[in-house]
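Chains Z and B supply the protein sequences, listed in that same order.
For reference, each letter of the first sequence is one residue, going 0 to 393 in numbering that gives the first Met the number 0.
For reference, each letter of the second sequence is one residue, going 0 to 275 in numbering that gives the first Met the number 0.
In this text, a Cβ means the ideal position worked out from N, Cα and C, and glycines have one as well.
Just so it is clear, the structure is predicted and the values come from calculations on it, not from any experiment.
Data first, discussion second: the structure below is written as C-alpha cells.
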Amino acid sequence: MKNFFLATFFSVFVLSLIIIFFYKNFTLGMDLAGGTILTYQIDWQNIDKTKIKNVLEQTKDLIERRINFLGVSEYFVSFSESGRILVEIPNIKDPEMAKKIIGETPFLEFRIPQKDEFVPSGLTGEYLQKAEVVINPNTLEPIVSLEFNQEGAKIFKDLTQKYLGQPIAIYLDGKLISSPIVRDVIENGKAQITGKFTLDEAKLLANRLNQGALPAPLNLIAESVVNPILSEKILKIALYASILGVILVILFMIIFYGFYGFLADIALIFFLVFNLALYKILGVTISLASLSGLVLAVGMAVDANILIFERMKEEKQRGLKIKEVIKEGFNRAFPSIRDSNMTTIISSLLIYFLAVSFVKGFALTLLFGVIFSFLTAVFFTRYLLEIMTRTNAD
Amino acid sequence: MDLIRKRFYFYFLSLILVLFGALSFYIFNPNLGIDLIGGQILEVKTKTNLEEIIKKLNFKVFVYPTEEGYLIKGQENLNLLWQDIQKIDKNAQRIRYESISPSLSAELRNKAELMVVLVLMAIGTYVSFAFYKLKKQFSLFDLGFIVIMTLFHDVVATTGFYVLLSKFFNFDLDIKFITALLIIAGFSVHDTIVVFDRLRENILKTGKKTKEIFNTSINQTLRRSIFTSLTTVLAILPLSILIPDLRAFLLSIQIGIIIGTYSSICLAAPLLFEEK
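Quick look at the structure:
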C-alpha cells in the first residue's frame, strides 16, 4: 500500500517535470511580459432596452475587426453582458495607437469657406460608402479615395457647384487634412484625400473610415500600460527572489529539524514542481501576484511540518517508540493543520471570486498552494518518514 | 517564561498599538489607491528635470522621484503630460501608466466592501465550529469575544504600521492592502486556535485551570507559533525587498503575521486567563 502511494507520488513528480520542461510555455502576466490592458464600458444611456443584445453583438464584431487590423500576433478580448469589454494586448509598440483604433471612430468632415475660415457643410463620414487607398500615378503618393452614397453624392454635387473655384476643406477628427480648390462640379460622388500620408497611414485611415461608427459610445474606464523592455528585468529579479525565498525556507527546516527537515524539504520541492506543472496545464498566468501567492504558500506549507515535528518531539519525550511517535505526531497535529489551512482556503476562495486583477491572481495560486501543500506536507512527508525509519530500524 | 504574570505590560503595549493604528489616519493622512478613488499613475524613466513642465501644468499632480526618473500621480490628463515629457526628452521611457475612472473605482470599492464582509463572516463561522469542542472548558461567548478582540487588534495595529511606512515609502491604501488584511485575519485566528487547543488539552489532562497551566500551554506552543510565522515571513522576504511593486503588499502581510503571532501568545491566552 505504502509503496503504491510512493510510486504514485514519484510518477506525478516525473510527469510534472516533463510538463514543466516540454509542454508549451508559461503564460506571463502583463506586469512581467509588458503590454496594455484597456477596459471599456458601453454607455447604455441612449440605447433602447430592446436593442441591448444587438448593440453588444455589433460592438463585439467591430472591436474584434479593429483589433485584427492592429496586426498584433496575440491578444485577448473578453465581453460581459453588462457591456464591459476587456482588451489585453501583450508587447504592443504603440499603446496610444491601439487606443485610437479600438475605441474611436475617425470623424470625417467636409467644410466650406466662409469669410476667413472653414465651417461645417453637413457632409460627413456618415454618407460614406467606401474608402480605399490608391496610389497617385504621377507623384506615387498614396491617396485615400472616397465614395459617397447616393445622398452624399447629391450633397457633394451641390457643394462643388456652389463653391466652384473656391477651396473645400477636409477635416479629420477636427484637424485640417487638405483644402483642394474645386475645379469641376463632381456628380459621381467621388472625392480624394491627399494629405502626404505614408502608405500605412493611408491604409489605416481607409480602414477606419470603412468600419464606421460604433453602435453605442464606448468609454475607456481603465487603462494599464507596462513597458515590456523594463519588465524583462523585473521577471528575472522576481524569479531569483522567489527561489531565494524557497531556499531560505529549505535551510530553515534543515537547521532546526535536521533529517526530518530535509524530508519536509523533499516534500516541498515536490509541491513546487507539481504546482508549476498545474499552472501550465490550467493556463494560470505567471505574474508578480501569482508568484507572491505561490511563495507565500511555500512558507505556509512547511507550517504543517513544523506543527508535526514539534508534536513528535513531545511524544518522543514521553518515551514512545519511533513508530508511535510518528503516528501520534501526525494525528495530534492534524486538527491544527486543518484549521490553519481552512481559514486560508476560505479567505482566498472568497477573495478569488470577488476581487479583480492583481488580487485575483494572488488568491488563486495561494488557494492551490494551500490545498496541495496539505497533501504533500502531511501525507507525502509521513510516507517518507515511515519508510526512512523502517530502513533505519532494520 | 511567566507570561501570565507580565500580561499587563502586554495589554498596555497592545492598547498603544491599537490607539496608534486608529489615530494613524489622522496623523499621517495616507494616500488612497487609484483603485479605490480613481485617478492615474505615470512612471517615467528620464534624466531630465521635470519640475519646469509640472509647474506649467494647469492640473494638479503629485511627483515622487524614483531611482531612474519620476512617479507621477494625478486625477487626469497624465497622458498629456507624457506627450509633453517626450517633447523635451526624446529618450524618456514610459515604464508604467495606469488610469482608473471614478465610475470603475466606485464599483471596485463596492466589491472590496462585499469581500471584507463575506470573508470575516466566513472566518467567524469556521471559528465557531472550531471552538465548539472547547465549550466544556470555556464559555463560548468569552472565546468569541477574545478572538474578535485579537483579530481587531491585529488588523488595526497592522494598519498603523502600514500607514506609518506609507509616509516613507509612498505606499497607497488600496485593494491589495485590504486583501492583505483579510489574509492576516485568517492567520490571526489560526494562531489563536493553536494556543486555545493546547489549553484545552492541558486542562483535560490535569483538570485544573491554574496560572501554571496557562503558562505551560503558552510555552509549549511558543516555539511552533513563532516558527510557523517565521517561515512564512522568510519565504516572502526576498520578494518584498527586491520587487518594489510588491513591497507594500508583502510588507503588510509580514507585519500582520508578526503582530498576529504576538497577539495570540501575549494577548489571547492571557485574556482567556482573565475570563476563567
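Within a 10 Å sphere around the beta-carbon of Y69 of chain B sit 16 or more other beta-carbons, which makes this residue buried. Just so you know, the alpha carbons of I212 of chain B and S263 of chain B end up roughly 16 angstroms apart.
For P269 of chain B, the three-state secondary structure derived from DSSP is helix. In this structure, the straight-line span from the alpha carbon of I18 of chain Z to that of V377 of chain Z is close to 25 angstroms.
Ranking Z:I242, Z:S77, Z:G33 and Z:W43 by CA distance to the CA of V86 of chain Z puts Z:S77 first. One finds P94, V224 and N226 in chain Z with Cβ atoms closer than 9 angstroms to the Cβ of R93 of chain B, taken in chain order. The straight-line gap separating the alpha-carbon atoms of P141 of chain Z and L163 of chain Z is approximately 25 angstroms. C-alpha of L22 of chain B to C-alpha of G159 of chain B: approximately 8 angstroms in a straight line. Annotated three-state conformation of V355 of chain Z is coil, per DSSP. Here M311 of chain Z has V324 and G328 as same chain residues with Cβ atoms under 6 angstroms from its own Cβ, once five neighbours each way along the sequence are excluded.
A Cβ of chain Z is located within less than 7 angstroms of the beta carbon of D244 of chain B. A direct Cα-to-Cα measurement between L319 of chain Z and K326 of chain Z gives close to 10 angstroms.
Ranked by Cα distance from L247 of chain Z, the options Z:S144, Z:I345 and Z:D264 are led by Z:D264. Listed along chain B, no residue sits closer than 8 angstroms to E87 of chain Z by beta-carbon distance, the nearest being about 14 angstroms off.
With a threshold of 16 other beta carbon atoms within 10 Å, A240 of chain Z meets it and is buried.
Within chain Z, the residues L349, I350, L353 and A354 have their CB atoms less than 7 angstroms from the CB of M114 of chain B, given in chain order. Counting only runs of 4+ residues, no alpha helix (DSSP H) is found wholly inside the segment 102–131 of chain Z.
Listed along the chain, the chain B residues whose CB falls inside 7 angstroms of the CB of D338 of chain Z are A129, H189 and I192. In this structure, DSSP gives V324 of chain Z a helical state, which the three-state scheme calls helix.
In this structure the segment 368–384 of chain Z lies against the segment 336–354 of chain Z, because at least three pairs of beta carbons, one per stretch, are closer than 8 angstroms. The closest CA to that of L150 of chain B, considering only B:M0, B:F186 and B:L49, is found on B:F186.
With fewer than 16 other CB atoms across the displayed protein chains lying within 10 angstroms of its CB, V116 of chain B is exposed. Contact annotation: I167 of chain Z and I192 of chain Z have beta-carbon atoms that are not nearer than 7 angstroms.
Of all residues in the segment 235–251 of chain Z, only I236, A237, Y239, A240, S241, L243, G244, V245, L247, V248 and F251 come within less than 8 angstroms of chain B when Cβ atoms are compared, listed by chain position.
Below 8 angstroms, enough C-beta pairs join the segment 256–275 of chain Z and the segment 293–312 of chain Z to call them touching: three or more.
A distance below 7 angstroms between beta-carbons, with the five flanking residues on each side excluded, links I91 of chain Z to the following residues of its chain, in chain order: G34, T35, V71 and A97. Fully enclosed beta strand (DSSP E) runs of no fewer than 3 residues occupy 60–64 and 68–73 of the segment 49–94 of chain B, in order along the chain. CA-CA distance, S286 of chain Z to L55 of chain Z, rounds to 31 angstroms. In this structure the segment 354–361 of chain Z touches the segment 169–180 of chain B; the number of beta carbon pairs closer than 8 angstroms is three or more. For K48 of chain Z, there is no enclosing beta strand (DSSP E), as DSSP marks it with neither H nor E. For L16 of chain B, the uninterrupted alpha helix (DSSP H) run begins and ends at R6 to F27, by DSSP. Of all alpha-carbon atoms in Z:K59, Z:I253 and Z:F379, the one lying nearest the alpha-carbon of F4 of chain Z is that of Z:F379.
Exclusion of the five residues before and after L275 of chain Z leaves I19 as the residues of its chain whose Cβ lies within less than 6 angstroms of its Cβ.
Proximity to S15 of chain Z across Z:E314, Z:L281, Z:I220 and Z:L219 peaks at Z:L281, based on C-alpha coordinates.
Interface with chain B (7 angstroms Cβ-Cβ cutoff): E103 of chain Z is excluded. In this chain, the beta strand (DSSP E) harbouring T35 of chain Z covers G34 to I41.
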